[in-house]
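Step one of this worksheet: look at the structure below.
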Amino acid sequence: MQQQQHKPTTATMSTKEEEIMASEKAKKAPYTDPPPAELLVEHGELRRWSLYRAAIAEFVATLLFVYVAIATVIGYKSQSQSSPCTGVGFLGVAWAFGGMIFVLVYSIAGVSGGHINPAVTFGLLVARKLSLVRAALYIAAQCLGAICGAGIAKGIMKHPYNSLGGGANEVAPGYSTGAALGAEIVGTFVLVYTVFAATDPKRTARDSFVPVLVPLPIGFAVFAVHLATIPITGTGINPARSLGPAVIYNQHKAWHDQWIFWVGPLLGPHWQRFTTNTFSEE
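For reference, each letter of the sequence shown is one residue, going 766 to 1047 in my numbering.
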């Protein structure tokens, strides 16, 4: 007896073809942006442990960032001609800031998004990526972490901390207030624009490898901005980083220029928003 071969029916073949075509169509479908966050607070957000865990992550990350930042700045300022091997040098300061941001963003991005900077948090608030309550909690955690980080730095290296300026930001001699403010605005724009470009959900949806690389361009942006603006303001671009040393060092010059390191970084995200809306991918 000859065995009869069962050929797939037309109905079965058409069903499989339809499934394949539907899958291909889904891949080619235009990306749809997620809905904007609630302006004040997301539903049930205050009852979720994830919100407070994220704030703790921001606190710890900013503490570590400011501690390493101040220690590096003091090491740079302690460098002298008689002993050229002491300190880290101008380039080392920029690498320390950029490297720490790279490490910390990589470490806590999955918990809080890895902001570590009130300017970044404010930019995401303006873009409706997070609620006002979450943004306020993040910024409070970042500022408190920065103050604690500066306090730890002073406790470990008290004499050089007091004699070398405490790592506080201030306008360098020879530069006007307007020049310093402009440097902070442009520097923060570079950083926040890089953050938005690196975390663009359209790119993440299209290229699976993009999320893994997110901390790298952000760290390089911080590095590059420090190279450009250390001679002008010591590089703020992060209000928490400027506030922490000012509180612990507590000298007139640090407080006199403090407004520059808040106004500049908080204006940068507005420029970034306009640029992103103008040049974003369709």
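We put the beta carbon where it would ideally sit given N, CA and C, even for glycine.
query = Hey, how far is the Cα of Gly931 from the Cα of Ile1013?
reply = Position 166 of the sequence shown holds residue 931. Position 248 of the sequence shown holds residue 1013. One C-alpha to the other measures close to 8 Å.
query = Based on Cα-Cα distance, which residue from Ala1011, Tyr817 and Ala945 lies nearest to Ala993?
reply = What you label residue 993 is simply residue 228 of the sequence shown in a count that begins at 1. Cα-wise, what sits closest to Ala993 is Ala945.
request  = Please say whether Gly1029 and Glu949 have beta carbons closer to each other than 8 Å?
outcome  = As a first step, residue 949 must be located in the sequence shown, where it is residue number 184. As a first step, residue 1029 must be located in the sequence shown, where it is residue number 264. Going by C-beta atoms, Glu949 is nearer than 8 Å to Gly1029.
request  = Give the range of the alpha helix (DSSP H) segment to which Arg1006 is assigned.
outcome  = Locating residue 1006 in the sequence shown gives position 241, counting from the first residue. Element bounds for Arg1006: Pro1004 to Tyr1014.
Alpha helix (DSSP H) segments (min. 4 residues) lying fully within the stretch 812 to 886 = 814 to 842 and 854 to 877
task = Give the straight-line distance between the Cα atoms of Val853 and Ile921, rounded to the nearest whole angstrom.
result = The residue labelled residue 853 in the question sits at position 88 within the sequence shown. The residue labelled residue 921 in the question sits at position 156 within the sequence shown. Val853 and Ile921: Cα-Cα distance of roughly 18 Å.
query = Nearest CA to the CA of His880: which residue from Ala1011, Leu811, Ala963 and Gly999?
reply = The count along the sequence shown starts at 1 and reaches residue 880 at position 115. Ranking the options by Cα distance to His880, first place goes to Ala963.
task = Could you tell me whether the stretch 811 to 820 touches the stretch 978 to 993, using the rule of 3 or more Cβ pairs below 8 Å?
result = no
request  = Spatial neighbours of Lys1018 within its chain, please: CB distance less than 7 Å, with the 5 preceding and 5 following residues excluded, ordered by chain position.
outcome  = As a position in the sequence shown, residue 1018 is number 253, starting the count at 1. Around Lys1018: Glu935.
message = How far does the alpha helix (DSSP H) with Leu956 in it extend, from its first residue to its last?
response = On the sequence shown, position 191 is the one that residue 956 refers to. Annotation: the continuous alpha helix (DSSP H) that includes Leu956 extends over Thr942 to Ala963.
ask   = Just reading off the alpha helix (DSSP H) that Leu992 is part of, what are its end residues?
value = Position 227 of the sequence shown, counted from the first residue, corresponds to residue 992. Its alpha helix (DSSP H) spans residues Pro980 to Thr998.
request  = Take Met778 and list the residues in its own chain whose beta-carbon comes closer than 8 Å to its own, dropping the five residues that flank it on each side.
outcome  = Numbered from its first residue, the sequence shown carries residue 778 at position 13. Reliability of the predicted coordinates at Met778 is poor, the pLDDT of 48 falling under 50, and the value obtained from them is presented with this limitation in mind. The answer is none, since no qualifying residue turns up.
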